[in-house]
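Per numbering that gives the first Met the number 0, numbering through the sequence shown is continuous, rising by one, with the last residue being 430.
We treat Cβ as the ideally placed atom computed from N, Cα and C, and that holds for glycine.
None of the values given here were measured: they were computed from a predicted structure.
Contents: one structure, followed by commentary.
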Amino acid sequence: MIYNSLNHLSKSETFKEAVLKGIASDKGLYFPSKIKPFTKKIISNLGKLSIHDIAFESIKQFVGTSIPSNKLKSIIEETLSFDFPLIEIEENIFSLELFHGPTLAFKDVGARFMALCMGFFNENSTEKITVLVATSGDTGGAVAKGFYNIPGIDVIILYPKGKVSLVQEKQMTTLGKNITSLEIEGVFDDCQDMVKKAFIDPQINKKIRLTSANSINIARWLPQMFYYFAGYQKVSKHKLPVNFSVPSGNFGNLCAGLIAQKIGLPVNQFLACTNLNNAVPRYLKSGVYDPKNTIQTISNAMDVGNPSNFIRVQKVFNNDIHKLKKLIKGYSFNDNETKKCIKNIYKKNKYILDPHGAIGYLGLKKYTEKYPNQIGIFMETAHPCKFAEIVEKTINKKVDIPRKLNKTLKGEKKSIQISDYTQFKEYLLKS
Ligand SMILES: *Cc1c(COP(=O)(O)O)cnc(C)c1O
Numbered sequence: 000m001i002y003n004s005l006n007h008l009s010k011s012e013t014f015k016e017a018v019l020k021g022i023a024s025d026k027g028l029y030f031p032s033k034i035k036p037f038t039k040k041i042i043s044n045l046g047k048l049s050i051h052d053i054a055f056e057s058i059k060q061f062v063g064t065s066i067p068s069n070k071l072k073s074i075i076e077e078t079l080s081f082d083f084p085l086i087e088i089e090e091n092i093f094s095l096e097l098f099h100g101p102t103l104a105f106k107d108v109g110a111r112f113m114a115l116c117m118g119f120f121n122e123n124s125t126e127k128i129t130v131l132v133a134t135s136g137d138t139g140g141a142v143a144k145g146f147y148n149i150p151g152i153d154v155i156i157l158y159p160k161g162k163v164s165l166v167q168e169k170q171m172t173t174l175g176k177n178i179t180s181l182e183i184e185g186v187f188d189d190c191q192d193m194v195k196k197a198f199i200d201p202q203i204n205k206k207i208r209l210t211s212a213n214s215i216n217i218a219r220w221l222p223q224m225f226y227y228f229a230g231y232q233k234v235s236k237h238k239l240p241v242n243f244s245v246p247s248g249n250f251g252n253l254c255a256g257l258i259a260q261k262i263g264l265p266v267n268q269f270l271a272c273t274n275l276n277n278a279v280p281r282y283l284k285s286g287v288y289d290p291k292n293t294i295q296t297i298s299n300a301m302d303v304g305n306p307s308n309f310i311r312v313q314k315v316f317n318n319d320i321h322k323l324k325k326l327i328k329g330y331s332f333n334d335n336e337t338k339k340c341i342k343n344i345y346k347k348n349k350y351i352l353d354p355h356g357a358i359g360y361l362g363l364k365k366y367t368e369k370y371p372n373q374i375g376i377f378m379e380t381a382h383p384c385k386f387a388e389i390v391e392k393t394i395n396k397k398v399d400i401p402r403k404l405n406k407t408l409k410g411e412k413k414s415i416q417i418s419d420y421t422q423f424k425e426y427l428l429k430s
């Protein structure tokens, strides 16, 4: 499999090179040069195959010869080591819980898969790789856990001091070993700016081999296909059209769903659901893509004004907006609607949504009013305890923290304080 840059100004790369580079040298995102559908036999057996088998079948063409089959199978087994329960919260409306991974974030799958691929690629190299990642909270923990103890790879996480939740901070700062966390004086954008600057700093690049771990990387983005197969398997027996509602920020998750559909997953409709950062739903209405500055909301993992992966979404349809509009419907909701939804669903169904999942639910509900007698699956992308402050105030009840977080919460926080780029650079050059 060959990957081309969507800016078309740099050369094509294999899976391995595209993963190690992250982004092409012309700053374009990598996109697979062709996408081959499943055979009819696999499609008719989707309901019966194990999730590990489907994952292998779906991703192998994208990995190509970069990883031998047996190794790829073991990477998949290690990545998908937990379940994705599908909970029917109302008739024909299902929550696909993607938060049962090690850091309770749906990003666990992408982060772990990417870490294991990179570890394999770097196995026989004497050169260390340093992963730099800026986070507003959720990504940092998932990346830290995913890369923990992977030989030959160091991870440096930059997060805004005092602006992440307690759980998130503990997840980033208690592991140690090859994971280091830097507490940055500033906001998330300052962290991101420092990372961007480091990537083009010749002095740093001469000394350190840097790479990134954000959802632009194909190894973090593509394995999210697995969720859609996992969800579909559990409802295929109903023989009704299946719709997926995806709470979206950077649009990596939705785009992975589109790839799953392209290789044969029978999806009737995708719903792109956002908070007030709604460049894509507005585009679906007006046909004009007009991104705005990022607005802060309570579903903050989706606070993205100008989603990086939208260019990939367009590419899936060869930039044909009519085809795109046929398969994707857009919805956007504000914080009040989100809170009201969390409250109502708890009251009515005793189910606790987190603010991101709530937005997925709301979109699905709107769609179902118009198109009943179909199956609707919304992605529940975070455990409600990760957004406990908002959820607890909204439902007037404490949210239990899963036992597997106990160890993390008891761990001792270790971080390094950084106030500006000069200090950050100094740190990188001496480490
Ligand atoms: C990252 C994230 C999202 C958005 O996913 P994208 O692939 O960026 O669209 C949604 N919910 C949660 C909880 C997230 O962490």
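Legend entry - Per DSSP, the bridge partner or partners of Cys340: Counting from 1 along the sequence shown, the entry for residue 340 is found at position 341. The secondary-structure analysis by DSSP pairs Cys340 with nothing; it has no beta-bridge partner.
Legend entry - For Arg281 and Lys160, the rounded distance between their alpha carbons: As a working note, residue 160 is residue 161 in the sequence shown. As a working note, residue 281 is residue 282 in the sequence shown. Their Cα atoms are separated by approximately 33 Å.
Legend entry - Heavy atom of ligand 1 within 8 Å of His7 beta-carbon: Residue 7 sits at position 8 when you count from the first residue of the sequence shown. Ligand 1 has no heavy atom closer than 8 Å to the beta-carbon of His7.
Inset, instruction - Measuring alpha carbon to alpha carbon, tell me which of Lys35, Ala357, Gly256 and Val132 ends up nearest Thr393. - result: Locating residue 393 in the sequence shown gives position 394, where the first residue counts as 1. Restricting attention to Lys35, Ala357, Gly256 and Val132, the CA atom closest to the CA of Thr393 is found in Ala357.
Inset, instruction - Evaluate the contact criterion for the segment 77–91 versus the segment 151–171: three or more CB pairs, one atom per stretch, below 8 Å. - result: Pairwise C-beta distances place the segment 77–91 out of contact with the segment 151–171, as fewer than three of them are shorter than 8 Å.
Inset, instruction - Please state if the CB of Glu12 and the CB of Phe37 are separated by a distance shorter than 9 Å. - result: In the sequence shown, the residue the question calls residue 37 occupies position 38. In the sequence shown, the residue the question calls residue 12 occupies position 13. With respect to the 9 Å criterion, Phe37 and Glu12 are not classified as neighbours on the basis of their beta carbons.
Inset, instruction - Measure the beta-carbon distance from Leu97 to Leu85 and round it to whole angstroms, keeping in mind my assumption that it falls under 8 Å. - result: Here residue 97 refers to the residue found at position 98 of the sequence shown. Here residue 85 refers to the residue found at position 86 of the sequence shown. Contact flag wrong, Cβ pair sits at about 10 Å.
Legend entry - Among Asn6, Ile1 and His7, the one whose alpha carbon lies nearest that of Ala17: Along the sequence shown, read from residue 1 onward, the residue named residue 17 stands at position 18. Closest by alpha carbon: Ile1.
Inset, instruction - Kindly list the residues whose CB is nearer than 8 Å to the CB of Thr436, restricted to its own chain and excluding five residues on each side of it in sequence; keep chain order. - result: In the structure as shown, the chain starts at 0 and stops at 430, and residue 436 therefore has no counterpart that could be examined.
Inset, instruction - Round the Cβ separation of Ile262 and Ile66 to the nearest angstrom and send it over; I've been treating them as touching at under 8 Å. - result: What you label residue 262 is simply residue 263 of the sequence shown in a count that begins at 1. What you label residue 66 is simply residue 67 of the sequence shown in a count that begins at 1. With a Cβ gap of about 18 Å, Ile262 and Ile66 do not count as contacting.
Inset, instruction - Excluding the 5 residues preceding and the 5 following Lys144 in the sequence, name in chain order all residues of the same chain whose CB lies nearer than 6 Å to its CB. - result: For this step, residue 144 is matched to residue 145 along the sequence shown. The beta carbon of Lys144 sits closer than 6 Å to the beta carbons of Pro101 and Thr102 from its chain, once the five residues preceding and following it are set aside; these are given in chain order.
Inset, instruction - Would you check whether ligand 1 has a heavy atom nearer than 8 Å to the C-beta of Met301? - result: Locating residue 301 in the sequence shown gives position 302, counting from the first residue. Met301 Cβ: within cutoff of ligand 1.
Inset, instruction - Let me know if Leu428 comes out buried or exposed under the rule of 16 or more other beta-carbons within 10 Å of its beta-carbon. - result: Counted from its first residue, the sequence shown places residue 428 at position 429. In this structure Leu428 is exposed. Its beta-carbon is surrounded by fewer than 16 other beta-carbon atoms within 10 angstroms.
Legend entry - Cβ-heavy atom distance, Gln191 to ligand 1, below 8 Å: Against the sequence shown, residue 191 aligns to sequence position 192. Because no heavy atom of ligand 1 lies under 8 Å away, the Cβ of Gln191 does not count as near it: no.
Inset, instruction - Report the three-state DSSP secondary structure of Glu379 (helix, strand or coil). - result: Walking along the sequence shown from the start, residue 379 turns up at place 380. In this structure, Glu379 counts as strand in the three-state DSSP scheme.
Inset, instruction - Quick one: grab the DSSP three-state call for Lys144. - result: Within the sequence shown, numbered from 1, the residue matching residue 144 stands at position 145. Helix at Lys144.
Legend entry - the segment 189–203 in contact with the segment 341–350 per 3-pair CB rule at 8 Å: Counting Cβ pairs under 8 Å, fewer than three are found: no touch.
Legend entry - Touching by the beta-carbon criterion (3+ pairs, under 8 Å), the segment 265–275 and the segment 326–339: Short answer: they touch.
Inset, instruction - Could you tell me which residues DSSP pairs with Ala133 in its beta bridges? - result: Sequence index remark: in the sequence shown, residue 133 carries index 134 (1-based). Partner(s): Leu157.
Inset, instruction - Could you pull the start and end residues of the alpha helix (DSSP H) that Gln260 belongs to? - result: Your numbering for residue 260 matches position 261 in the sequence shown. Element bounds for Gln260: Gly251 to Lys261.
Legend entry - beta strand (DSSP E) runs wholly inside the segment 264–320, at least 3 long, in chain order: Correct list: 268–273.
Inset, instruction - Check Ser414 in the structure and name its three-state DSSP category. - result: As a working mapping, residue 414 is identified with position 415 in the sequence shown. If DSSP states are grouped into helix, strand and coil, Ser414 belongs with coil.
Legend entry - Coil, strand or helix - Lys429 by DSSP: Position 430 of the sequence shown, counted from the start, is the residue given in the question as residue 429. Helix at Lys429.
Legend entry - For Arg208, the residue or residues it bridges with in DSSP: In the sequence shown, residue 208 corresponds to position 209, counting from 1. BP columns for Arg208 point to Ile128.
Legend entry - Beta-carbon spacing of Lys176, Tyr147 below 9 Å: If you number the sequence shown from 1, residue 176 lands on position 177. If you number the sequence shown from 1, residue 147 lands on position 148. Yes, Cβ-Cβ distance for Lys176 and Tyr147 is below 9 Å.
Legend entry - Supposed close pair Ser298, Asn274 - CB separation, criterion 8 Å: Walking along the sequence shown from the start, residue 298 turns up at place 299. Walking along the sequence shown from the start, residue 274 turns up at place 275. Here Ser298 really is in contact with Asn274; their C-beta atoms are around 5 Å apart, less than 8 Å.
Legend entry - Residue from Asn335, Ile74, Ile207 and Phe81 with nearest C-alpha to Val126: Taking the sequence shown and counting its residues from 1, one reaches residue 126 at position 127. The amino acid occupying residue 126 in the given sequence is Glu; Val does not appear at that position. For the residues Asn335, Ile74, Ile207 and Phe81, the minimum Cα distance to Glu126 belongs to Ile207.
Legend entry - Rounded C-alpha distance that separates His382 from Glu388: Mapped onto the sequence shown, residue 382 falls at position 383. Mapped onto the sequence shown, residue 388 falls at position 389. Taking the straight line joining both Cα atoms gives about 13 Å.
Legend entry - Ile53 versus Lys40: straight-line alpha-carbon distance, rounded: If you number the sequence shown from 1, residue 53 lands on position 54. If you number the sequence shown from 1, residue 40 lands on position 41. Answer to the nearest angstrom: the Cα atoms are 12 Å apart.
Inset, instruction - Identify whether Gly46 lies in helix, strand or coil by the three-state DSSP scheme. - result: Here residue 46 is taken as the residue at index 47 of the sequence shown, counted from 1. Note: Gly46 maps to coil in three-state DSSP.
Legend entry - Cβ shell of Leu239 (< 7 Å), same chain only, five flanking positions each side left out: For this step, residue 239 is matched to residue 240 along the sequence shown. The beta carbon of Leu239 lies closer than 7 Å to those of Asn372, Gln373 and Ile374 in the same chain, with the five residues before and after it left out.
Legend entry - Check: Lys106 C-beta below 8 Å from any heavy atom of ligand 1: Taking the first residue of the sequence shown as position 1, residue 106 is located at position 107. Relative to ligand 1, the nearest heavy atom lies less than 8 Å away from the CB of Lys106.
Inset, instruction - Could you spell out the range, first to last residue, of the alpha helix (DSSP H) harbouring Thr437? - result: The first residue shown for the chain is 0 and the last is 430, placing residue 437 beyond what the model contains.
Inset, instruction - Would you check whether ligand 1 has a heavy atom nearer than 8 Å to the C-beta of Ser244? - result: Taking the first residue of the sequence shown as 1, we reach residue 244 at position 245. No, since every heavy atom of ligand 1 falls outside the 8 Å radius drawn around the Cβ of Ser244.
Legend entry - Bounding residues of the alpha helix (DSSP H) (the contiguous stretch that carries Ile394): As a first step, residue 394 must be located in the sequence shown, where it is residue number 395. Per DSSP, the continuous alpha helix (DSSP H) segment holding Ile394 begins and ends at Ala387 to Ile394.
Legend entry - Supposed close pair Leu181, Ile155 - CB separation, criterion 8 Å: The residue given as residue 181 occupies position 182 in the sequence shown. The residue given as residue 155 occupies position 156 in the sequence shown. Contact holds; Cβ gap of about 6 Å.
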